[in-house]
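Just add 154 to wherever you are in the sequence shown, counting from 1, and you've got our numbering. Notes follow once the structure below has been shown.
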Amino acid sequence: MATFPALVSPSRTTCASLRRQLQVIWDEIGEEDGDKDMMLQELEQQCLDIYRRKVDSSRKHKAELAQSLADGETEIADLVSALGETASFPQRVKGSLKQQLSALKPALQDLRQRKQARMIEFHETQLQIAQICAEIEGNDINTVHPTIDECDSTLKRLGELKSHLKELQTEKALKIYIYIKLAALSAKFMSCQL
């Protein structure tokens, strides 16, 4: 039984060392040169196929990372526009796609949280506006469902809504005051009639 020559340690095996081992084994077996050439061509083709698949999967992964980066930048631009903020837009860093994505994520997360907090504030303000309008009009306030324009969640727009809410609260308070005065006047008038 033949022993394999220790050409390279198993942990440092290379294609060239494996090819040499195959040549030695085939020589010991007595394989024909034509058969050896054919088997080597098969092995080379298999290696090429493996490399090709790896290159294809790496290209696909690169494209996915590039798309994620583009999507993140688009989302940041949309969030910055919706929030009406310009100073928050991070500059694109130089480096690999993974480094660029890593640099983008904190800014994106911060903008998402700010928009979510702003949307809650918008919802609460618009809900109060809708409820007061329903009360003033004499409608059921439990069926009020305000719609929120998520494309314009700027502080300016929020300020406008809060100003409108304050006007409605003042109008409601005035109507309640007038109603109470009229009720008191009616009660006084009715008591005088008896």
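Glycine is no exception: its CB is placed at the ideal position from the N, C-alpha and C atoms.
Thinking just about the alpha-carbon of each residue, which of Leu194, Asp191, Arg266 is nearest to the one in Thr228?
The count along the sequence shown starts at 1 and reaches residue 228 at position 74. For the residues Leu194, Asp191, Arg266, the minimum Cα distance to Thr228 belongs to Arg266.
If we count the other Cβ atoms within 10 Å of its Cβ and call it buried at 16 or more, is Ala156 buried or exposed?
By one-based count along the sequence shown, residue 156 stands at place 2. Here Ala156 scores only 48 on pLDDT, less than 50, and its place in the model is too uncertain to base an answer on.
Less than 8 angstroms between the C-beta atoms of Lys269 and Ala224, yes or no?
Position 115 of the sequence shown, counted from the start, is the residue given in the question as residue 269. Position 70 of the sequence shown, counted from the start, is the residue given in the question as residue 224. No, the pair does not count as a contact, with Cβ atoms beyond the cut-off.
Between the Cα of Lys320 and those of Leu336, Ile332, Ala284, spot the shortest distance and give me the residue it belongs to.
As a position in the sequence shown, residue 320 is number 166, starting the count at 1. Looking at the Cα atoms, Ala284 is the closest of the given residues.
Whether or not the stretch 187-196 and the stretch 209-216 are in contact is what I'm after, with contact meaning three or more pairs of Cβ atoms, one per stretch, closer than 8 angstroms; do they touch?
In short, these stretches do not touch, since the Cβ pair count stays below three.
In three-state terms, what does DSSP make of Ala337?
Numbered from its first residue, the sequence shown carries residue 337 at position 183. Ala337: helix per DSSP, three-state reduction.
Which term fits Leu336, buried or exposed, when burial requires 16 or more other beta carbons within 10 angstroms of its beta carbon?
Here residue 336 is taken as the residue at index 182 of the sequence shown, counted from 1. When all chains shown are included, Leu336 counts as exposed.
Along the chain, where does the alpha helix (DSSP H) that runs through Ile183 open and close?
As a working mapping, residue 183 is identified with position 29 in the sequence shown. Residues 169-183.
When the Cα of Asp306 is compared with those of Val234, Leu339, Ile183, which residue comes out closest?
In the sequence shown, residue 306 corresponds to position 152, counting from 1. Of the candidates Val234, Leu339, Ile183, the one whose C-alpha sits nearest the C-alpha of Asp306 is Val234.
Please classify Leu258: is it buried, with 16 or more other beta-carbons within 10 angstroms of its beta-carbon, or exposed?
Along the sequence shown, one-based indexing puts residue 258 at 104. Leu258 should be labelled buried.
Apply the 10 Å Cβ neighbour rule to Phe276 and answer buried if 16 or more other Cβ atoms are within range, or exposed otherwise.
Residue mapping note: residue 276 aligns to position 122 of the sequence shown, counting from 1. By the neighbour-count rule (16 or more Cβ atoms within 10 Å), Phe276 is buried.
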